[in-house]
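There are 2 protein chains.
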Amino acid sequence: MPENPRRTLKLGAVLLGVGGPGQHHTWLDPQIPADASVDVRWYIARAQEAEAARFDHVFIVDSQYITPDSPHHYLSRLEPLTLLSAIAVHTEHIGLVATLTTSYSEPFDVARRLASLDHISGGRAGWNVVTSGDQGTAGNYSRDAHYDYATRYGRALEHVRVAQGLWDSYEPGALPRDREAGVFLDRSKLHALNHVGEHFRVAGPLNIERTPQGQPVIFQAGDSEEGRDLGAAVADAIFTHAANLEQAVAFRTELRERAAAKGRDPRHVLIVPGIHPIIGDTDEEAIARQAAVLGAKSFDKALAELGRPFGWHDFAQYDLDAPFPDVPSGESFRTQAEAVKRLAAEKGWTLRQVVEHQLAQGWSPFVGSPLTVADEIQRWFEAGGFDGINITVNSPADFARFTDQVLPILRERGVVRSEYESSTLRGNLGLPVPENRHTAALVP
Amino acid sequence: MPENPRRTLKLGAVLLGVGGPGQHHTWLDPQIPADASVDVRWYIARAQEAEAARFDHVFIVDSQYITPDSPHHYLSRLEPLTLLSAIAVHTEHIGLVATLTTSYSEPFDVARRLASLDHISGGRAGWNVVTSGDQGTAGNYSRDAHYDYATRYGRALEHVRVAQGLWDSYEPGALPRDREAGVFLDRSKLHALNHVGEHFRVAGPLNIERTPQGQPVIFQAGDSEEGRDLGAAVADAIFTHAANLEQAVAFRTELRERAAAKGRDPRHVLIVPGIHPIIGDTDEEAIARQAAVLGAKSFDKALAELGRPFGWHDFAQYDLDAPFPDVPSGESFRTQAEAVKRLAAEKGWTLRQVVEHQLAQGWSPFVGSPLTVADEIQRWFEAGGFDGINITVNSPADFARFTDQVLPILRERGVVRSEYESSTLRGNLGLPVPENRHTAALVP
Ligand SMILES: Cc1cc2nc3c(=O)[nH]c(=O)nc-3n(C[C@H](O)[C@H](O)[C@H](O)COP(=O)(O)O)c2cc1C
Ligand SMILES: Cc1cc2nc3c(=O)[nH]c(=O)nc-3n(C[C@H](O)[C@H](O)[C@H](O)COP(=O)(O)O)c2cc1C
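Take a look at the structure:
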């Protein structure tokens with residue numbers, strides 16, 4: 001049983017990306033437009049399907065650095081906030097979470113654009129805070145190198161705090177817009193921020209009023225020590241990976257403890273891993289489908305992609321049958337790079353064996369018939385493995401399998417709710433509206 | 001007669017802002033929601049009306065610095081690109097022009113977001129390049145002071161050039177997405193930029209493919225020597241003010257000469273001033289309407305707003321009946337500030353007289369019956385005063401007067417066209433699609 005039995009499992013849908021090995025082939029699927037990653041109608045249709053299934057949110061991942069070896073949906077993709085704004089006005093209930101980096105952006109601009117989306121959507125905006133996985137992003141933003149981890153996460157924390165401060169520029173009621181009295185603004189309720197920090201100096205106030213959610217929902221993604229600390233400090237929800245139940249429970253327990261140690265209520269830090277259900281009519285069929293997806297990926301492609309966590313390091317230069325080369329972890333996805341190196345060292349693998357492992361491992365723990373997958377999700381949820389899941393399937397057909405076959409079972413059992421409970425993302429996720437700091441100061 | 005008789009007058013609609021004295025009162029108009037500036041539905045409805053009248057584009061002005069004295073629609077407003085993206089998916093033909101500053105943004109981000117809007121809208125995106133009028137913006141972007149004019153415009157030119165370079169990252173045909181051959185990308189047609197300049201270093205390539213327009217349409221606004229030079233160098237269209245026909249012709253002539261001197265075809269640099277028609281059933285009624293709008297503005301409000309071109313300088317500190325104070329023009333809207341000072345010096349006015357002049361001047365040259373206004377627009381157009389106009393009326397009712405009463409006259413006379421001629425903004429404005437630099441290099 002979850003510690004709060006009234007809580008239900010939260011549901012997000014990642015629209016393209018982070019879908020495991022199969023994602024690299026989605027453009028080959030005749031049911032998906034080959035240019036889906038720049039087709040706003042495709043995204044709108046997916047969001048409407050997720051809304052029809054009463055999902056809490058859709059989720060847009062992002063990157064700002066490509067090489068010719070990048071996955072197809074990285075090569076050409078819509079920018080998250082323009083995309084979500086278009087989706088906002090063709091949906092009514094579903095939350096809209098945009099991945100935006102703190103490493104190559106300014107808090108005034110980010111705070112403003114997210115507040116704008118929150119107004120446009122009537123309170124459905126979310127921000128997935130990342131620090132840019134790809135170190136090459138630096139070269140697109142006038143920098144010689146990516147920030148080191150300490151700077152990157154120091155900047156991230158300050159960035160989010162500034163954005164939060166800016167979102168409080170206008171107290172509730174600061175804009176009476178009283179036509180009879182001729183009063184548009186109550187000057188006493190408009191506040192400058194005057195932030196002076198290590199990375200940013202931001203005077204404020206923000207030029208957009210308090211949003212329907214008070215503040216957009218903050219997600220965070222990044223699993224290192226520094227990343228966890230950021231999440232525990234500022235996130236309403238944490239996007240992560242979950243390889244098995246044991247690791248998931250450990251991660252969630254640890255994050256909640258960290259949040260509590262910072263004086264936060266751990267119930268307001270939701271752990272939401274990406275999960276990739278592979279559903280068949282029977283368990284056997286599902287296992288066969290997973291094997292087919294894994295088998296469709298070429299060795300060379302897997303070798304190229306192995307380079308990504310290492311800053312797109314070129315592994316093709318090494319002898320495949322020599323021990324796994326001693327490549328520096330770099331500043332891109334250090335946590336992932338180190339996991340690969342640790343595994344290779346533990347097993348004493350060659351480069352070829354590492355790539356074959358990446359190709360062959362059954363990467364999803366949620367494979368089987370609808371009943372099997374529903375059971376497994378419920379088991380993880382009740383064991384405290386997660387508070388919600390970000391579904392990362394690769395096709396609308398796979399999404400429909402989940403919504404039409406798995407969700408009814410979970411709904412029947414009371415694990416997920418049947419209707420939206422609120423008009424805002426914050427409300428549906430069961431998160432409190434952060435009180436405006438200037439109002440809060442008045443409360444004894 | 002215009003030099004090219006086949007050309008018709010281009011039509012833009014500024015949605016909120018730069019509407020002359022009356023704009024400060026729009027929230028008092030019971031026909032307009034008092035919170036229109038954050039109401040996406042209000043904007044969508046306006047854009048749909050403009051589209052029904054076959055306007056070429058809607059235009060969003062912007063700022064990122066407020067004080068309690070800022071006009072009401074500056075205090076709280078939607079961010080231009082999130083707003084236009086929402087409008088994009090509720091319209092089909094109309095162009096969508098976003099004001100974005102080059103002073104406090106990065107070219108990779110701007111290029112990407114505009115390309116995203118161009119894809120989302122199917123080729124209707126435009127960028128109004130500004131350098132940030134309000135010097136206080138600096139304080140929201142970690143800077144002590146606004147850039148001086150030379151730096152500001154140097155940065156602007158480099159910024160636009162980088163964006164244009166990024167938009168050419170993918171040649172046409174670079175993404176065959178050939179399922180049978182299994183070829184998503186033609187690597188030979190994806191190009192890095194490797195820009196190293198004074199203000200920016202940007203490696204590229206951009207992570208979004210060539211857009212339907214090839215490149216979004218570039219507007220530019222800023223009238224100083226430096227501003228004109230920027231416009232002549234990079235703009236497809238120039239947004240400006242037009243106080244009278246003589247000045248308008250001189251400005252247009254000068255800009256076209258500058259563009260020609262830079263080797264450009266002056267027909268591809270459209271001059272598009274903001275104009276504010278005030279229409280009555282009769283000339284007398286229109287003149288009375290203008291007087292009423294002017295009279296509704298308070299002296300104190302006008303005194304506060306006089307400070308804006310001087311960087312929100314506080315003029316209330318001076319003796320109203322002493323000669324106009326010697327305030328530095330500063331780095332905000334220097335061209336405007338200097339015009340005010342020049343006028344005060346020429347006339348020998350006190351501060352009070354300057355404010356009264358601002359309050360009382362008949363600010364629009366387009367006041368009268370529908371026939372009078374249509375005649376005047378045609379006269380300016382045929383005399384070479386402009387290639388298009390950005391209409392800046394303050395209410396949907398005033399907009400309807402223009403579309404329902406003035407436009408039919410101009411259409412009947414062949415001054416404006418009756419139907420969209422293209423599916424893109426570039427096409428409707430009669431502008432060529434810029435050839436991709438990498439393809440162009442192949443042509444002998
Ligand atoms: C589940 C997950 C999703 C992520 N999504 C993105 C993303 O969409 N864009 C991005 O630039 N970085 C993304 N990141 C990268 C992080 O922001 C971070 O830069 C990276 O994981 C390295 O930091 P770490 O070692 O703390 O994990 C993601 C990380 C995780 C764990
Ligand atoms: C017609 C016109 C419209 C403008 N619109 C904007 C705007 O929406 N946002 C902004 O920050 N600056 C705007 N500007 C300001 C310019 O970018 C520029 O910073 C300012 O005019 C001072 O430069 P200048 O002396 O070259 O005119 C506008 C200027 C003009 C002339």
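Going down the list, the protein sequences come from chains A and B. In this text, residue positions in the first sequence follow the UniProt record's numbering: the first is 1, and each later residue adds one. In this text, residue positions in the second sequence follow the UniProt record's numbering: the first is 1, and each later residue adds one. In this text, a Cβ means the ideal position worked out from N, Cα and C, and glycines have one as well. The structure displayed is predicted, hence computed values, not measured ones.
- Cα atoms of T424/B and L81/B: separation of roughly 18 Å, rounded to the nearest angstrom.
- With a beta-carbon spacing of about 6 Å, P205/B and I66/A fall inside the 8 Å limit used to define contacts.
- Among the CB atoms of chain B, none fall inside 8 Å of the CB of L16/A.
- At a cut-off of 8 Å, the C-beta of L28/A has a neighbouring C-beta in chain B.
- As a beta-bridge residue in DSSP terms, W127/A pairs with A98/A, I218/A.
- For Q290/A, the number of other beta carbons within 10 angstroms of its own is at least 16, and it is reported as buried.
- Under a criterion of Cβ atoms nearer than 7 Å, the residues of chain B adjacent to Q64/A are, in order, F108, N207.
- Taking the C-beta atoms as reference points, R417/B is found nearer than 8 Å to T8/B.
- Of all C-beta pairs linking the stretch 226-236 of chain A to the stretch 349-369 of chain A, fewer than three are shorter than 8 Å, placing the two stretches out of contact.
- Contacts with chain B at 8 Å (Cβ-Cβ) include Y74/A.
- Taken through DSSP and simplified to helix, strand or coil, G227/B comes out as helix.
- Relative to ligand 1, V61/A has its C-beta within less than 7 Å of a heavy atom.
- Among the CB atoms of chain B, one or more fall inside 8 Å of the CB of R179/A.
- Within the same chain, and ignoring the five residues on either side of F315/B in sequence, the residues whose Cβ sits closer than 6 Å to its Cβ are L303, L306, G307.
- Any Cβ of chain A closer than 8 Å to the Cβ of I120/B would place that residue at the interface, and such an atom is present.
- Taking C-alpha positions only, F386/A is separated from G368/A by approximately 20 Å.
- In the three-state DSSP reduction, L270/B falls in the strand class (E or B).
- Any Cβ of chain B closer than 8 Å to the Cβ of R112/A would place that residue at the interface, and such an atom is present.
- For F333/B, no Cβ of chain A is located within less than 8 Å of the residue's own Cβ.
- By alpha-carbon distance to R113/A, the top candidate from P216/A, A13/A, E356/A, F399/A is P216/A.
- Within the same chain, Cβ atoms closer than 7 Å to the Cβ of L245/B are found at W380, A383, G385, the five residues on either side in sequence being excluded.
- In terms of Cα proximity to V196/B, the closest of D56/A, D223/A, Y141/A, P21/A is Y141/A.
- Along the stretch 90-109 of chain A, going in chain order, the ones with a CB nearer than 8 Å to a CB of chain B are H90, Y104, S105, E106, F108, D109.
- Going by C-alpha positions, R201/B is about 22 Å away from K189/B.
- Residues of chain B whose Cβ lies closer than 8 Å to the Cβ of P68/A are, in chain order, L185, R187, L190.
- Neighbours of V202/A in chain B, taken as residues at a C-beta separation under 9 Å, are given in chain order as G139, N140, Y141, S142.
- A residue is called buried once 16 or more other Cβ atoms fall within 10 Å of its Cβ, and A292/B, having fewer, is exposed.
- Here D300/B carries a helix assignment [DSSP, helix/strand/coil].
- The three-state reading of DSSP puts G307/A in coil, since its state is none of H, G, I, E or B.
- In this structure, H159/B lies near P107/B, with their beta-carbon atoms less than 8 Å apart.
- With a threshold of 7 Å, the Cβ atom of S132/B counts as near ligand 2, since some heavy atom of the ligand is closer than that.
- When rounded, the separation of the alpha-carbon atoms in R401/A and D134/A is 33 Å.
- Not a single C-beta of chain A is nearer than 8 Å to the C-beta of L359/B.
- Within a 10 Å sphere around the beta-carbon of F299/B sit fewer than 16 other beta-carbons, which makes this residue exposed.
- Burial is judged here by how many other beta carbons sit within 10 angstroms of a residue's own beta carbon; P21/B has at least 16 and is buried.
- At least one heavy atom of ligand 2 sits closer than 7 Å to the Cβ of F333/B.
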